[in-house]
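Mind the numbering: the sequence shown is residues 139 to 742 in the numbering used here, read in order.
We treat Cβ as the ideally placed atom computed from N, Cα and C, and that holds for glycine.
These figures come from a predicted structure and were not determined experimentally.
What follows is a short report on a single structure.
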Amino acid sequence: MSNLSPVVARVTDRIIERSKPSRERYLALVEREAGRHSDRSFLSCSNLAHGFAASGEDKPAIATGKAINVGIVTAYNDMLSAHQPYGRYPEQMKLYAREVGATAQVAGGVPAMCDGVTQGFDGMELSLFSRDTIALSTAVSLSHAMYDGMTLLGICDKIVPGLVMGALRFGHLPAVFIPSGPMPSGISNKEKQKVRQLYAEGKVGREELLASESASYHSAGTCTFYGTANSNQMMMEMMGLHMPGAAFVPPGTSLRQAVTRAAVHRVTEMTRKGDDFRPMGHLVDEKAIVNAIVGLLATGGSTNHAIHLPAMARCAGIHIDWQDFDELSAAVPLITRVYPNGSGDVNHFHAAGGMGWVVRELLDAGLAHEDILTVSKDGMRAYATEPTLDDGELKWKPAPAVSGDDTMLSTVAKPFLPDGGMRLVSGNVGRATFKTSAVDQERWTIEAPCRVFETQEGVINAFKAGELDRDVVVVVRHQGPRANGMPELHKLTPPLGVLQDRGFKVALVTDGRMSGASGKVPAAIHVTPEALADGPIAYLQDGDIVRLSAEDGTLSTTADLSGRTPAPLPAPAEGMGRELFAMFRINAGGAEQGGSSMLEVAGL
Numbered sequence: 139m140s141n142l143s144p145v146v147a148r149v150t151d152r153i154i155e156r157s158k159p160s161r162e163r164y165l166a167l168v169e170r171e172a173g174r175h176s177d178r179s180f181l182s183c184s185n186l187a188h189g190f191a192a193s194g195e196d197k198p199a200i201a202t203g204k205a206i207n208v209g210i211v212t213a214y215n216d217m218l219s220a221h222q223p224y225g226r227y228p229e230q231m232k233l234y235a236r237e238v239g240a241t242a243q244v245a246g247g248v249p250a251m252c253d254g255v256t257q258g259f260d261g262m263e264l265s266l267f268s269r270d271t272i273a274l275s276t277a278v279s280l281s282h283a284m285y286d287g288m289t290l291l292g293i294c295d296k297i298v299p300g301l302v303m304g305a306l307r308f309g310h311l312p313a314v315f316i317p318s319g320p321m322p323s324g325i326s327n328k329e330k331q332k333v334r335q336l337y338a339e340g341k342v343g344r345e346e347l348l349a350s351e352s353a354s355y356h357s358a359g360t361c362t363f364y365g366t367a368n369s370n371q372m373m374m375e376m377m378g379l380h381m382p383g384a385a386f387v388p389p390g391t392s393l394r395q396a397v398t399r400a401a402v403h404r405v406t407e408m409t410r411k412g413d414d415f416r417p418m419g420h421l422v423d424e425k426a427i428v429n430a431i432v433g434l435l436a437t438g439g440s441t442n443h444a445i446h447l448p449a450m451a452r453c454a455g456i457h458i459d460w461q462d463f464d465e466l467s468a469a470v471p472l473i474t475r476v477y478p479n480g481s482g483d484v485n486h487f488h489a490a491g492g493m494g495w496v497v498r499e500l501l502d503a504g505l506a507h508e509d510i511l512t513v514s515k516d517g518m519r520a521y522a523t524e525p526t527l528d529d530g531e532l533k534w535k536p537a538p539a540v541s542g543d544d545t546m547l548s549t550v551a552k553p554f555l556p557d558g559g560m561r562l563v564s565g566n567v568g569r570a571t572f573k574t575s576a577v578d579q580e581r582w583t584i585e586a587p588c589r590v591f592e593t594q595e596g597v598i599n600a601f602k603a604g605e606l607d608r609d610v611v612v613v614v615r616h617q618g619p620r621a622n623g624m625p626e627l628h629k630l631t632p633p634l635g636v637l638q639d640r641g642f643k644v645a646l647v648t649d650g651r652m653s654g655a656s657g658k659v660p661a662a663i664h665v666t667p668e669a670l671a672d673g674p675i676a677y678l679q680d681g682d683i684v685r686l687s688a689e690d691g692t693l694s695t696t697a698d699l700s701g702r703t704p705a706p707l708p709a710p711a712e713g714m715g716r717e718l719f720a721m722f723r724i725n726a727g728g729a730e731q732g733g734s735s736m737l738e739v740a741g742l
């Protein structure tokens with residue numbers, strides 16, 4: 139692309155050079171597996187008979203091996219609102235497949251946990267490693283080698299990254315990711331946040347809090363704030379793994395059904411037996427990964443993807459780091475403001491122009507790669523459109539020329555902020571991520587005595603006792619992948635927000651995670667090396683002066699840590715299945731490398 143940003147070009151070239159040996163090995167794997175598993179004829183008659191024994195009217199088509207057979211990997215459960223709509227998808231998708239002479243089978247299911255349910259409790263310590271579990275479950279699902287293509291049904295936090303990771307190891311097959319859409323908007327985000335803070339201050343009770351939360355999270359569909367789940371959907375568009383504009387079409391609508399139907403038809407065209415072979419391993423290349431990062435920065439997406447994207451990329455033989463994020467952030471402006479970075483939610487964003495607007499702005503400004511292979515036969519430019527029904531027929535029209543809400547969706551020429559708001563901060567405390575797009579610029583630098591905690595509960599208890607009513611850098615350590623599975627610490631946002639509203643200078647430094655649902659309080663998150671890996675954060679003591687600054691990219695202390703003894707190791711966790719995940723914690727890599735045990739042991 140002639141007008142490609144020099145920064146985007148430079149970072150992309152560096153990633154390509156850095157990844158050359160591993161990418162070559164990966165593409166060799168894709169080519170080898172495509173040759174070995176080009177169809178089902180290599181299976182013995184007994185193997186094959188097992189594979190279609192319960193396929194009913196599709197038996198003859200699968201038996202002959204002439205029809206295209208699509209594998210469905212689903213993350214359906216009816217506890218998780220975002221995934222509840224998937225319950226009827228497989229039977230619908232089988233009908234859509236038959237329309238084009240193909241067949242479809244549910245290859246398998248993967249777990250899908252909700253961080254919103256486990257937030258602040260023991261189950262949250264399984265969350266990050268559920269991503270590895272999902273990747274492994276995806277591999278098990280596809281290991282029967284019955285399929286010519288794959289469709290992947292998933293939306294939320296760890297589910298999409300896990301599906302991508304597992305599917306990429308079957309990169310010889312074409313793939314389409316199929317979302318199900320966000321729930322209708324509930325009460326305003328401002329009102330929800332107000333009630334949360336009143337509860338943290340003890341001014342309203344649990345009954346009022348539950349009523350508020352239930353008015354926000356109230357029906358089937360994805361939660362409507364712009365957290366990790368909706369950032370996932372944005373990235374699938376930016377990588378070209380969706381049908382164009384699929385991300386935020388509401389569930390249960392005729393348009394949603396039509397887009398899903400088109401996805402099933404399209405995956406059959408991309409198989410070796412179709413006329414447009416596009417294996418997933420060729421779609422997800424270095425340029426596609428850069429597009430995902432750029433989209434994340436331009437939209438103020440979830441910081442969780444500073445962990446998920448490196449892990450996803452590694453499964454395609456691509457290696458990225460936080461310096462890549464930082465340099466791209468300096469070149470990519472923030473052009474959307476969706477809660478928690480703004481007042482409106484993803485439904486408002488979609489109505490204002492949505493992903494079609496974002497893609498067009500980024501392509502026209504040379505900030506995203508247009509020359510990538512995508513699910514759409516028309517390439518990345520096709521994602522600058524939005525789907526619509528015209529007398530029942532699915533068509534795509536150009537994204538709106540004018541923003542439907544200029545407080546939520548702006549242009550590269552007139553951005554909300556000149557950069558993408560995801561900074562690398564580093565120094566003698568470690569390396570970390572600071573999401574500046576959610577924090578007022580006057581709070582980008584905090585220097586104060588620290589108070590060190592080993593748990594979220596310790597912070598909350600100190601807050602309730604009034605011990606934090608001062609300028610303070612709250613340090614919460616032993617929250618990394620090796621320590622306890624790196625749970626999100628979103629439970630800390632209300633009390634720290636209260637302290638900030640009282641006029642104190644407050645910051646958080648932690649080797650744990652905070653998501654796109656968090657904001658307002660300056661935070662250095664994902665500190666690496668983590669405390670359990672002998673990171674400097676293990677040596678901090680109460681009263682040490684800690685400086686966190688997004689202005690100059692520093693995370694440092696004036697204290698001399700050299701002669702100190704590290705903090706005692708936490709006791710092994712038991713209960714809520716945490717003991718079963720010990721093997722994941724022991725082998726986990728660092729946050730900047732994706733926090734994965736599976737990839738470390740596999741040498742990927």
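### Query
Going by DSSP, which residues form a beta bridge with Asn599?
The sequence position of residue 599 within the sequence shown is 461, counting from 1. Answer is none; Asn599 lacks a bridge partner.
### Message
Output needed for Ala655: all residues of its chain with C-beta closer than 7 Å, excluding positions within five of it in sequence on either side, in chain order.
### Response
Mapped onto the sequence shown, residue 655 falls at position 517. Per-residue confidence for Ala655 stands at a pLDDT of 48, beneath the threshold of 50, marking its modelled position as unreliable; no derived number is given.
### Query
When the Cα of Gly561 is compared with those of Met546, Ala705, Leu466, which residue comes out closest?
By 1-based counting over the sequence shown, the position of residue 561 is 423. Going by the sequence as given, residue 561 is Arg instead of Gly. Selected option, being the one with the closest Cα: Leu466.
### Query
Helix, strand or coil for Val611 per DSSP?
Residue mapping note: residue 611 aligns to position 473 of the sequence shown, counting from 1. Strand.
### Task
Check whether the Cβ atoms of Ser357 and Met321 sit closer than 7 Å, and answer yes or no.
For the purposes of this step, residue 357 is taken as the residue at position 219 of the sequence shown. For the purposes of this step, residue 321 is taken as the residue at position 183 of the sequence shown. Contact flag set, yes.
### Query
Whose C-beta lies closer than 7 Å to the C-beta of Thr256 among residues of the same chain, with five residues either side of it excluded?
Within the sequence shown, numbered from 1, the residue matching residue 256 stands at position 118. Cβ within range, chain order: Met262, Ser265.
#### Entry: Best match in Glu162, Ala199, His188, Glu531 for proximity to Ala400 [C-alpha to C-alpha]
Reading the sequence shown from its first residue, position 262 is the one you call residue 400. Answer by Cα proximity: Glu531.
#### Entry: Validate contact between the segment 533-542 and the segment 490-500 using beta carbons, cut 8 Å, 3 pairs
With a cut-off of 8 Å on Cβ pairs, the segment 533-542 is in contact with the segment 490-500, counting three or more such pairs.
#### Entry: Cβ contact check for the segment 672-681 and the segment 544-555: 3 or more pairs under 8 Å
no
### Task
Would you tell me roughly how many angstroms separate the C-alpha atoms of Asp682 and Ile445, rounded to the nearest one?
Start at 1 with the first residue of the sequence shown, and residue 682 comes out as number 544. Start at 1 with the first residue of the sequence shown, and residue 445 comes out as number 307. Between Asp682 and Ile445, the C-alpha separation is close to 28 Å.
### Message
Quick check: the Cα distance between Ile830 and Pro667, rounded to an integer number of angstroms?
### Response
Residue 830 falls outside the range modelled here, since the chain spans only 139 to 742, and no answer is possible.
### Query
Where are the alpha helix (DSSP H) runs, 4 residues long or more, that stay fully inside the segment 276-356, in chain order?
Inside the segment 276-356, DSSP marks whole alpha helix (DSSP H) runs of 4 or more residues at positions 297-306, 327-338, 344-354, from first to last along the chain.
### Sequence-distant residues of the same chain with beta carbon closer than 6 Å to Ala729, five excluded per side
Stepping through the sequence shown from its first residue, residue 729 is reached at position 591. Closer than 6 Å at the Cβ level, and outside the excluded window around Ala729, lie Ile445, His664, Thr666.
### Task
Let me know the alpha helix (DSSP H) ranges lying completely inside the segment 618-661, each 4 residues or longer, listed in chain order.
619-622, 631-639
### Query
Any idea what DSSP makes of Met381, helix, strand or coil?
The residue given as residue 381 occupies position 243 in the sequence shown. Met381 falls in the coil class under three-state DSSP.
### Message
Would Asp609 and Lys643 qualify as a contact pair, given that the criterion is a beta-carbon distance under 7 Å?
### Response
Counting from one through the sequence shown, the residue named residue 609 turns up at place 471. Counting from one through the sequence shown, the residue named residue 643 turns up at place 505. The answer is yes: Cβ separation under 7 Å.
### Task
Within its chain, find whatever has a CB closer than 8 Å to the CB of Ala277; leave out the 5 residues flanking it on each side and keep chain order.
As a first step, residue 277 is located in the sequence shown; it is residue number 139 there, counting from the start. Non-local C-beta neighbours of Ala277 in its own chain, meaning closer than 8 Å and more than five positions away in sequence, comprise Gly304, Arg307, Phe308, ordered along the chain.
### Query
Since Glu524 sits in a beta bridge, which residues does DSSP pair it with?
Start at 1 with the first residue of the sequence shown, and residue 524 comes out as number 386. Looking at the DSSP assignment, Glu524 forms a beta bridge with Lys535.
### Message
Taking 7 Å as the threshold (C-beta atoms), are Trp582 and Glu508 in contact?
### Response
Taking the sequence shown and counting its residues from 1, one reaches residue 508 at position 370. Taking the sequence shown and counting its residues from 1, one reaches residue 582 at position 444. No, the Cβ-Cβ distance between Glu508 and Trp582 is not below 7 Å.
### Query
For Leu630, which of Ala621, Val611, Gly641, Gly623 has the nearest alpha-carbon?
In the sequence shown, counting from the first residue as 1, residue 630 sits at position 492. It is Val611 whose Cα lies nearest to the Cα of Leu630.
### Through-space distance from Ala426 to Thr398, alpha-carbon basis
The count along the sequence shown starts at 1 and reaches residue 398 at position 260. The count along the sequence shown starts at 1 and reaches residue 426 at position 288. The straight-line gap from Cα to Cα measures roughly 22 Å.
### Query
If you draw a straight line from the C-alpha of Gly287 to the C-alpha of Thr512, how long is it?
The count along the sequence shown starts at 1 and reaches residue 287 at position 149. The count along the sequence shown starts at 1 and reaches residue 512 at position 374. Distance between the alpha carbons of Gly287 and Thr512 is about 15 Å.
#### Entry: Nearest candidate by alpha-carbon position, reference Val484, set Val432, Asp177, Pro710, Val387
As a working note, residue 484 is residue 346 in the sequence shown. Taking only the C-alpha atoms, the option nearest Val484 is Val387.
### Met217, enclosing alpha helix (DSSP H) - first and last residue
Mapped onto the sequence shown, residue 217 falls at position 79. Looking at the DSSP string, Met217 is not in any alpha helix (DSSP H), and its letter there is neither H nor E.
### Task
Measure the alpha-carbon distance for Glu345 versus Asn368 and round it to whole angstroms.
If you number the sequence shown from 1, residue 345 lands on position 207. If you number the sequence shown from 1, residue 368 lands on position 230. C-alpha separation (whole angstroms): 29 Å.
### Task
Note down, in chain order, each residue of its chain lying with its Cβ closer than 8 Å to the Cβ of Gln638, except the 5 sequence neighbours on either side.
Here residue 638 refers to the residue found at position 500 of the sequence shown. If we look at Gln638 and ignore the five residues flanking it on each side, its Cβ neighbours are Arg581, Val644, Lys658, Val659.
### Query
Is it right to say Gly558 is buried, meaning 16 or more other beta carbons lie within 10 angstroms of its own, or is it exposed?
Position 420 of the sequence shown, counted from the start, is the residue given in the question as residue 558. By the neighbour-count rule (16 or more Cβ atoms within 10 Å), Gly558 is buried.
### Query
Quick one: Cα of Ala147 to Cα of Leu500, how far?
Counted from its first residue, the sequence shown places residue 147 at position 9. Counted from its first residue, the sequence shown places residue 500 at position 362. Roughly 14 Å separates the two Cα atoms.
### Task
Using three-state DSSP, classify Thr692 as helix, strand or coil.
For this step, residue 692 is matched to residue 554 along the sequence shown. Strand, per DSSP.
### Query
Out of Gly691, Thr703, Phe315, Ser687, which has the shortest C-alpha to C-alpha gap to Gln746?
Look at the range of the chain in this structure, 139 to 742, and you will see that residue 746 is not part of it.
### Task
Below 8 Å on the Cβ atoms is my guess for Ala97 versus Thr437; work out the distance and round it to an integer in Å.
With the chain covering only 139 through 742, there is no way to say anything about residue 97.
### Task
Count the other CB atoms, across all protein chains shown, that sit within 10 Å of the CB of Ser392; report buried if there are 16 or more and exposed otherwise.
Here residue 392 refers to the residue found at position 254 of the sequence shown. Result: exposed.
#### Entry: Touch test, the segment 160-178 against the segment 446-466, Cβ-Cβ under 8 Å, three pairs minimum
yes
### Query
Could you give the distance in angstroms between the alpha-carbon of Glu605 and the alpha-carbon of Glu592?
Position 467 of the sequence shown, counted from the first residue, corresponds to residue 605. Position 454 of the sequence shown, counted from the first residue, corresponds to residue 592. Rounded to whole angstroms, Glu605 to Glu592 spans 16 Å at the Cα level.
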